[in-house]
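Heads up: the sequence shown begins at 145 in my numbering, then just goes up one per residue. Yeah, the Cβ is synthetic: ideal placement off N, Cα and C, and Gly gets one too.
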Amino acid sequence: MKVILLGAPGAGKGTQAEMIVAKYKLPHVSTGDILRKNIREMTELGKVAKAIIDDGKLVSDELVIKLVDSRLKENDCKKGWLLDGFPRTIPQAEALDKITNVDIVIEIKIAYEALLQRITGRRMCECGATYHTSFYTGDRCATCGKPLYQRDDDKAEVVSKRLETYKNLTEPLVEYYTVRNKLRTVDGNLSQQEVFRQVTDILNDYD
Ligand code: AP5
């Protein structure tokens, strides 16, 4: 299965991705995670990406298309993958169509007002686990014990810019995939388990 998760910042893509890859044994390809890894490791790409991400903007299409193209050529992606955070612009979607075919695009749709609370309360661990301060009050990861941190781009002043970027550049993908008959929508306002139930209904149907 070749699946894309589409949704605004904070819609729950990363949260659902963790559950999907565990159940369906797909490799999780998150452009946000790849860029943050480069930032942590202070690579040349990481240095370029940090300033852009911290400003709530998108890294250039050229750069992320190259990243995804080479990641999807790796062995573990031969039979399928879950793309999270890519494509994010029409040129990225067109480039992906040239690289490979896409089976399903799952849009996680959520009320705009909920996003700010979701993002500003998010806490991350280096191991990839994600928490929310409403559900988890610890300051260390429940899985690996490392300290939790807040992403630099999760500060309130950057979040509104990210949401605007989403509206202008990424939301047009809903139409792009609707006309290609690939789009399915789940209700991201529900609990994580309820959202996952809707996602599995879609993926089991496809399987
Ligand atoms: P990226 O890392 O992709 O960030 P994003 O799309 O902004 O999405 P988020 O990670 O903020 O949210 P999410 O939907 O994964 O939500 P989560 O599951 O964590 O990209 C970061 C940056 O990198 C971009 O801004 C851009 O600059 C750059 N970039 C990345 N890809 C790019 C590309 N293709 N092109 C150009 N630039 C690119 O959930 C959020 C919170 O809510 C968590 O605390 C979670 O615990 C909680 N939560 C989740 N689901 C629920 C639920 N159902 N109920 C209650 N709480 C929930």
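- Of all alpha-carbon atoms in A155, M145 and I148, the one lying nearest the alpha-carbon of A258 is that of A155.
- Proximity to T264 across Y168, K290 and S304 peaks at S304, based on C-alpha coordinates.
- Here DSSP, grouped into helix, strand and coil, assigns I254 to coil.
- For L317, the enclosing alpha helix (DSSP H) begins and ends at P316 to V323.
- The beta carbon of D297 sits closer than 7 Å to the beta carbons of I197, D198, G200 and R306 from its chain, once the five residues preceding and following it are set aside; these are given in chain order.
- For a cut-off of 8 Å, the C-beta gap from Q294 to R267 is around 6 Å, short enough to register as a contact.
- Excluding the 5 residues flanking it on each side, D241 has no same chain C-beta neighbour closer than 8 Å.
- Judged by DSSP in its simplified three-state form, S304 adopts helix.
- Residues C269 and E270 of the same chain have their beta carbon placed closer than 6 Å to that of K290, with the five preceding and five following residues left out of the count.
- Non-local beta-carbon contacts of R328 in its own chain, meaning distances under 8 Å to residues more than five positions away in sequence, involve I248, V249, I250, E251 and I346 in chain order.
- Between the beta-carbon of T187 and that of T314 there is about 25 Å, and that puts the pair past the 8 Å contact cut.
- By the CB criterion at 9 Å, E338 and D349 fall outside the cutoff.
- Around the Cβ of P153, a 10 Å sphere holds 16 or more other Cβ atoms; the residue is buried.
- With a cutoff of 9 Å on beta-carbon distance, K167 and T344 are scored as near each other.
- In summary, R324 is exposed, with fewer than 16 beta-carbon neighbours lying within 10 Å of its beta-carbon over all protein chains present.
- Of G151, K326 and R180, the smallest CA-CA separation from F230 is found for G151.
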